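The block underneath contains the structure these notes are about, expressed in C-alpha cells.
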Amino acid sequence: MIILGGSASSDLAEKVAKEVGENVGRLEIDQHIYADLHIFELLMIVDTLRDLQAKTITVVAPYLAYARQDSRFYPGEALSSQVIARLLEDVGTTKFLTVDCHLHRLGDVAKIFKIPAQNLSAMPLLGKYALKTIHPKKPFVIGPDEEAEQWAATVAKELDAEHTVFQKKRVRKEGATESKVEITATEVDLKGRDAVFADDIISTGDTLAKATKICKKMGARRIYALCTHPVLADGALMRVKSAGIQKVIGTDTIPSIVSQVSVAPVIAAALKS
Ligand code: R5P
C-alpha cells in the first residue's frame, strides 16, 4: 500500500502512513484554485439539471481550464483535460461547446469527449475589433508559436495582412518544476510595420514578452496582442507592456481588464444552430 495525501490532508497522510507502517507517496500538486471552484460548481449545476429531468444539457465552457494538459509531458503527470471531459459526461452533459480550446497535441476538442463537442473561435471578432480600434499600419500578424498558426491566419484575413509564426520551445531543467520558454523568430521584415500577435492564452505573459522583444529588435513600429483567454497571472500585463506591447485586446471568456471583445455573439450563433 502507498498512502497519498492530497493538499488538504498531507500531514494527516504522513501520520496515517506511520500508524499503518507504510510509505507516503510523493505528489506534486499544481492547483488552479480559481478554475477548480468553477469546475466543481458546474458539475453540481449539471448534475442537478439532470436530476430535474432536463432533456438535453449543453455546457458552454468559454475557457476550458486544464485543456493545455492534453498529454503527459513528464511521466506520472495527470491527463487533466480528459479528467474534466469525463466528469462533465458523468454528471449528464449531452453537448459541449468551448472557445479557442488549446488542445494542441490532440487538435480537436471532440477527441476528449464521447458526447458531441465543438470548438468555436473568437479570432474573427478579435481581428475585426483590432481593425476598427487600433488601425494597424502595414500590419504583420504573428503567432508566437507554430500552434498559433490557425489564429494568426484568421486574424490576418480580417486585417488583410501577411502572417507568420515563430518557433517556441519549453525547456525544463532536470529537477525543476517550472519550464522556461525559448522563442526563435522567423525572418520577416517588420521595419516600419505594426506587429499584431494572435494567441489563445496569455498566462504568465512570458511567451508574449519574449516574442515582443524579438519583434522590437526586428524593427516593428508598434506591437499589439490579441488573445482569446486573458488568464493574466500576477504581473503578466506588466511583463508584456514593459517588453513593448502597446495594447492587449482580450475577450470575456475570462473577465479581465483587457476583455474588450465579447464572445457572446459566437456562442449565441452556435446555440441557435
Ligand atoms: C501555448 O502554446 C499557448 O498558445 C500560449 O502561448 C501560452 O499558453 C501562453 O502562456 P504564457 O503566457 O504563460 O507564456
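First residue of the sequence shown? That's 3 in my numbering, and the numbers climb one at a time after it.
Ideal Cβ positions, reconstructed from N, Cα and C, are used throughout, including at glycine.
Quantities reported herein were computed from a predicted structural model and do not represent experimental measurements.
If you ignore the 5 residues before and after Ser-244, its C-beta comes within less than 8 Å of the C-beta of Ala-211, all in its own chain and listed in chain order. Just so you know, the alpha carbons of Leu-29 and Gly-7 end up roughly 8 Å apart. Unbroken beta strand (DSSP E) runs of no fewer than 3 residues, entirely contained in the stretch 89-152, are found at 97-101, 119-122 and 142-145, following chain order. The Cβ atoms of Thr-214 and Val-242 sit closer than 8 Å to each other. Given a length threshold of 4 residues, each whole run of the alpha helix (DSSP H) inside the stretch 13-94 is given here in chain order: 35-53 and 82-93. Counting every other CB atom within 10 Å of its CB across the protein chains shown gives Asn-121 a total of 16 or more, marking it as buried. Secondary structure at Thr-214: helix, using DSSP grouped into helix, strand and coil.
The residue from Asp-49, Pro-64 and Ala-63 with its alpha-carbon nearest to that of Lys-57 is Asp-49. In the DSSP assignment, Gly-252 is bridged to Ser-261. About 7 Å separates the beta carbon of Thr-209 from that of Asp-147, a gap short enough to meet the 8 Å contact definition.
For Val-167, the enclosing beta strand (DSSP E) covers residues 164-167.
Segment contact: the stretch 196-203 against the stretch 147-164, three or more CB-CB distances shorter than 8 Å; contact assigned.
Using a Cβ-Cβ distance cut-off of 8 Å, the stretch 130-138 and the stretch 104-122 are not in contact, since fewer than three pairs of beta carbons, one from each stretch, lie closer than that value. Exclusion of Asp-53 from the 7 Å shell around ligand 1 follows from its C-beta lying no nearer than that to any non-hydrogen atom of the ligand.
With a threshold of 16 other beta carbon atoms within 10 Å, Asp-72 meets it and is buried. Considering only Leu-161, Thr-96 and Gln-169, the residue with the shortest C-alpha distance to Gln-55 is Thr-96. In the DSSP assignment, Leu-239 falls within the unbroken alpha helix (DSSP H) covering 238-245. Within the model, the alpha-carbon separation for Thr-188 versus Phe-42 is close to 42 Å. Here Arg-107 is exposed. Its C-beta has fewer than 16 other C-beta atoms within 10 Å. Arg-223 is not a Cβ neighbour of Phe-142, given a cutoff of 8 Å.
Ala-132 has its alpha-carbon roughly 9 Å from the corresponding atom of Glu-160.
Boundaries of the alpha helix (DSSP H) around Leu-273: 266-274. Assigned with DSSP and collapsed to three states, Glu-160 falls in helix. If you draw a 10 Å sphere on the C-beta of Val-22, you find fewer than 16 other C-beta atoms in it, and that means exposed. Of the candidates Tyr-226, Ala-124, Ser-82 and Ile-225, the residue whose Cα lies closest to the Cα of Thr-253 is Ala-124.
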